[in-house]
Amino acid sequence: MSVGTLEAFSLIVRRELCLSFRRPDQLLQPLVFFLIVTTLFPLGLSLQLSLLRDMSPGVLWVAALLSSLLSLDSLFKSDADDGTLEQLALCGQGLTVIVVAKTFAHWLVTGAALVLVSPVVATALGIPGSAFSTMMLSLVLGTLTLSWLGAIGAGLTVGLKRGNVLLSLIVLPLAMPLLIFGAGATDRAISGVSPVGALYFLAALCVFTSTLAPFAATVALRITLE
Amino acid sequence: MNTAVDGLGVEKVHVWRGDRHVLKGVSFSLRPRQLLHISGPNGTGKTTLLRVVCGLLRPEQGQVSWLGQSISRVRSEYQAALAYASHEPALKGDLTALENLRFAVGLKRRVTGADLRASLERTGVGACADLPARVLSAGQRRRVAMARVLAMSAPLWLLDEPFTNLDASGADLTAALLQSHVERGGSALVVAHHDLKIDVDMRRLDLGP
Numbered sequence: 001m002s003v004g005t006l007e008a009f010s011l012i013v014r015r016e017l018c019l020s021f022r023r024p025d026q027l028l029q030p031l032v033f034f035l036i037v038t039t040l041f042p043l044g045l046s047l048q049l050s051l052l053r054d055m056s057p058g059v060l061w062v063a064a065l066l067s068s069l070l071s072l073d074s075l076f077k078s079d080a081d082d083g084t085l086e087q088l089a090l091c092g093q094g095l096t097v098i099v100v101a102k103t104f105a106h107w108l109v110t111g112a113a114l115v116l117v118s119p120v121v122a123t124a125l126g127i128p129g130s131a132f133s134t135m136m137l138s139l140v141l142g143t144l145t146l147s148w149l150g151a152i153g154a155g156l157t158v159g160l161k162r163g164n165v166l167l168s169l170i171v172l173p174l175a176m177p178l179l180i181f182g183a184g185a186t187d188r189a190i191s192g193v194s195p196v197g198a199l200y201f202l203a204a205l206c207v208f209t210s211t212l213a214p215f216a217a218t219v220a221l222r223i224t225l226e
Numbered sequence: 227m228n229t230a231v232d233g234l235g236v237e238k239v240h241v242w243r244g245d246r247h248v249l250k251g252v253s254f255s256l257r258p259r260q261l262l263h264i265s266g267p268n269g270t271g272k273t274t275l276l277r278v279v280c281g282l283l284r285p286e287q288g289q290v291s292w293l294g295q296s297i298s299r300v301r302s303e304y305q306a307a308l309a310y311a312s313h314e315p316a317l318k319g320d321l322t323a324l325e326n327l328r329f330a331v332g333l334k335r336r337v338t339g340a341d342l343r344a345s346l347e348r349t350g351v352g353a354c355a356d357l358p359a360r361v362l363s364a365g366q367r368r369r370v371a372m373a374r375v376l377a378m379s380a381p382l383w384l385l386d387e388p389f390t391n392l393d394a395s396g397a398d399l400t401a402a403l404l405q406s407h408v409e410r411g412g413s414a415l416v417v418a419h420h421d422l423k424i425d426v427d428m429r430r431l432d433l434g435p
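Protein chains in written order, with our numbering: chain A, 1 to 226; chain B, 227 to 435.
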C-alpha cells in the first residue's frame, strides 16, 4: 500500500503544476517581466543593431536571472504559510523528495517557460538564428542551476516575513558564474566561436548544484520548520 | 521507563523557546486503544508538544519513541503510521477539497477517488468535494481536514484543536470518529480546551503551570 519515491515525486510535481495553472497571474509574472525588460532595452539604447547585438547576451541573461529570482520567494512560502508544508514533511517520503519535486516543478513553470520564449526575445535583440541552440542550452543549464541555488535560499528564508530581499542577497552572488559563462557562451556563439568551454562549465555547475543543493535545501527547510 | 513497546512513548521532553522553558520534562505513553487528552491554558506548549511528538520539532532533551525505537531512527515507518492535523486546516485554497485530499493522502498510501469521497461523506462535506477549498467556511475546512485524517487510515492520530470552528453536530461527529478509531485499536492524542465526551480509555495530561 505504501507509495514509491517516484510515484510521490510525480504526485508532487502534478500538485505544483496544478497549483500554478490555477494562478495564471503568478505563472505569467516572471515571463512578462522577462519580456518587458528585454523589450525596454532596445528602446532605451540607440538604434544601432551592431551595438544591440554586442549587448544582447548580457541583457538576455540579466533579465533571465532577475525574472527567475522574482518567483523563487514563493517556492516554499505559500506551503509554509497555510500549513501544507508540515503535512508534506510528515508524508513519510522524506523531505528531500519533496524539495526536489517542488524545485523541479518550479523550474518547469519558470525556467523552462523562459527558455521557450527566449527565441522570440533573442530575435528582437538581433541575435542571429545560428546562436539560438547555444543560447537555449545555456539558459536551460543556467535556470536549472539557479532554481537549485534558489531552493537553498528559499529554504533558509521561508520563516521570514520579508525574506525576498535576503533571498536575493543569498542567491545573486552565487549566480554570478552563471551570468558570466551563460552570457559568454551566447556571445561566443554569436561571433561564431565555439562555445563548448563555457557550456561545459555551466553543465558542471548544473550537475554540482543538482546533486548537492537538494540536501542543503532540505537541511535549511528542516531548520526553519522547527 | 516510560517507553511503550507497542505504541508511542514520550520521555522527559524538554523544550526551550529562547529563554522560555516551554516543556518541562513531559513524559507519557500511549498504547493502542488509548486516547490522551492534552489540555492547559494558552501558551503552555500544547502545540509545541504535538510538534515534538510528530517529529517536526526536535526536543533539547528527552526522546520520543515509536514501537520502542526512537522516532528519528524509524522516521518513515513512524510517519506512515501517523495522521497529524494542525490547528490550521492546511488546505490549498486553489485546489478542490478532493484534490487537497488526493495530494496529501496520496503521498502516504494508494487511494482511489472513491475512498476519498467516502471519507469526505463521513465528515459531512461530501457535497463540497469539488469546490475549491477557499470558498469553504472555516467549519467545513475543519471537516475536510478531519476527512484527510480519516483517509490516511493511520493507527496514530495527532489532532491539534480538532473542535475549533465546528458546530454542535460537527463536534459530536468528531468525537464519534475519535471513539470508533480508538475502539478499533487506534490511538489518539488530542489537544482540546474543553472536556471530551468520549467513552474510551482516556487519560488527561494537563500542561498547566
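Backbone N, C-alpha and C fix where the C-beta goes; we use that ideal spot for every residue, glycine too. This structure is a prediction, so every number in the text was calculated from the model and none was measured.
Any C-beta of chain A under 8 Å from that of residue i
{"i": "B:Gln366", "result": "no"}
{"i": "B:Leu283", "result": "yes"}
{"i": "B:Leu376", "result": "no"}
{"i": "B:Lys238", "result": "no"}
{"i": "B:Lys272", "result": "no"}
{"i": "B:Cys354", "result": "no"}
{"i": "B:Ser291", "result": "no"}
{"i": "B:Glu387", "result": "no"}
{"i": "B:Glu325", "result": "yes"}
Within-8 Å CB hit, residue i to chain B
{"i": "A:Thr218", "result": "no"}
{"i": "A:Thr96", "result": "no"}
{"i": "A:Cys18", "result": "yes"}
{"i": "A:Pro214", "result": "no"}
{"i": "A:Leu167", "result": "no"}
{"i": "A:Ala187", "result": "Strictly speaking, residue 187 of chain A in this sequence is Asp, with Ala absent from that position. No, no contact with chain B."}
{"i": "A:Leu225", "result": "yes"}
{"i": "A:Leu137", "result": "no"}
With 16 other Cβ atoms within 10 Å as the buried cut-off, status of residue i
{"i": "B:Val236", "result": "buried"}
{"i": "B:Lys250", "result": "exposed"}
{"i": "A:Val117", "result": "exposed"}
{"i": "A:Phe208", "result": "exposed"}
{"i": "B:Met378", "result": "buried"}
{"i": "B:Trp383", "result": "buried"}
{"i": "B:Leu368", "result": "Just to set this straight, residue 368 of chain B is Arg in the shown sequence, not Leu. Per the 10 Å Cβ criterion, buried."}
{"i": "B:Asn326", "result": "buried"}
{"i": "B:Tyr310", "result": "buried"}
{"i": "A:Gln93", "result": "buried"}
{"i": "A:Arg23", "result": "exposed"}
{"i": "A:Phe76", "result": "buried"}
{"i": "A:Gly142", "result": "buried"}
{"i": "A:Ile127", "result": "buried"}
{"i": "A:Met176", "result": "exposed"}
{"i": "B:Pro267", "result": "exposed"}
{"i": "B:Trp292", "result": "buried"}
Contact set between residue i and chain B, taken where Cβ atoms lie within less than 7 Å
{"i": "A:Asp25", "result": "None at all; the shortest Cβ gap to chain B is about 12 Å."}
Close-in-space but distant-in-sequence residues of the same chain around residue i (CB under 6 Å, 5 per side omitted)
{"i": "B:Asn228", "result": "Confidence at B:Asn228 is low in this model, with a pLDDT of 45, below 50, so the placement of that residue should be treated as unreliable; the coordinate-derived value is given next. Closer than 6 Å at Cβ, skipping near neighbours: Gly235, Glu237, Ser253, Ser255."}
{"i": "B:Ser312", "result": "Asp386"}
{"i": "A:Gly44", "result": "none"}
{"i": "A:Gly155", "result": "Ala217, Ala220, Leu221"}
{"i": "B:Leu422", "result": "His263"}
Chain A contact residues for residue i, given Cβ-Cβ distances below 7 Å
{"i": "B:Ala306", "result": "Ser2, Gly92"}
{"i": "B:Ser296", "result": "Within chain A, no residue comes near B:Ser296; the closest Cβ sits about 17 Å away, beyond 7 Å."}
{"i": "B:Asp320", "result": "Leu19, Arg22, Arg23"}
{"i": "B:Ala505", "result": "Here chain B covers residues 227 to 435 and nothing more, so residue 505 of chain B does not appear."}
Close beta carbons around residue i, own chain, < 7 Å, minus the five adjacent residues each side
{"i": "B:Ala364", "result": "Asn391"}
{"i": "A:Arg222", "result": "Leu95"}
{"i": "A:Ala113", "result": "Leu31"}
{"i": "B:Leu282", "result": "none"}
{"i": "A:Val59", "result": "Thr38, Phe41, Leu125"}
Closer than 7 Å at the beta carbon, the chain D residues around residue i
{"i": "B:Phe329", "result": "The structure shown contains no chain D; its protein chains are A and B."}
Cross-chain neighbours of residue i in chain A, by beta carbon under 8 Å
{"i": "B:Leu333", "result": "Val3, Ala8, Leu11, Ile12, Leu88, Cys91, Gly92, Gln93"}
{"i": "B:Ser302", "result": "Gly92, Gln93, Gly94"}
Spatial neighbours of residue i in its chain, beta-carbon cut-off 8 Å, leaving aside the 5 residues before and after
{"i": "B:Gly411", "result": "Pro258, Arg259, Pro381"}
{"i": "A:Ile12", "result": "Leu88, Val97, Ile98, Ala101, Lys102, Ala105"}
{"i": "B:Cys354", "result": "Ala323, Leu346, Leu362, Gln366, Val370"}
{"i": "A:Leu160", "result": "Leu166"}
{"i": "A:Leu17", "result": "Ala105, Leu108, Val109"}
Residue i Cβ short of 7 Å to the ligand NAP heavy atom set
{"i": "B:Val278", "result": "With respect to the ligand NAP, the structure shown offers nothing to examine, as it has no ligands at all."}
Neighbour list for residue i in chain B, Cβ cutoff strictly below 9 Å
{"i": "A:Leu156", "result": "By Cβ distance, chain B contributes nothing, its closest Cβ being about 18 Å from A:Leu156, past 9 Å."}
Proximal chain A residues relative to residue i, where beta-carbon distance stays under 9 Å
{"i": "B:Ser312", "result": "Gly83, Glu86, Gln87"}
Could you tell me which whole alpha helix (DSSP H) segments of length 4 or greater appear in the segment 311-340 of chain B?
323-331
Whole runs of the beta strand (DSSP E) within the segment 369-435 of chain B, excluding any shorter than 3 residues
382-386, 413-417, 427-432
Which complete beta strand (DSSP E) runs does the segment 128-174 of chain A hold, if anything under 3 residues is left out?
none
In chain order, each alpha helix (DSSP H) run of at least 4 residues that lies wholly inside the segment 38-84 of chain A:
49-72, 74-82
Identify every run of the beta strand (DSSP E) within the segment 255-294 of chain B, keeping only runs that are complete inside it and at least 3 residues long; order them along the chain.
260-265, 287-292
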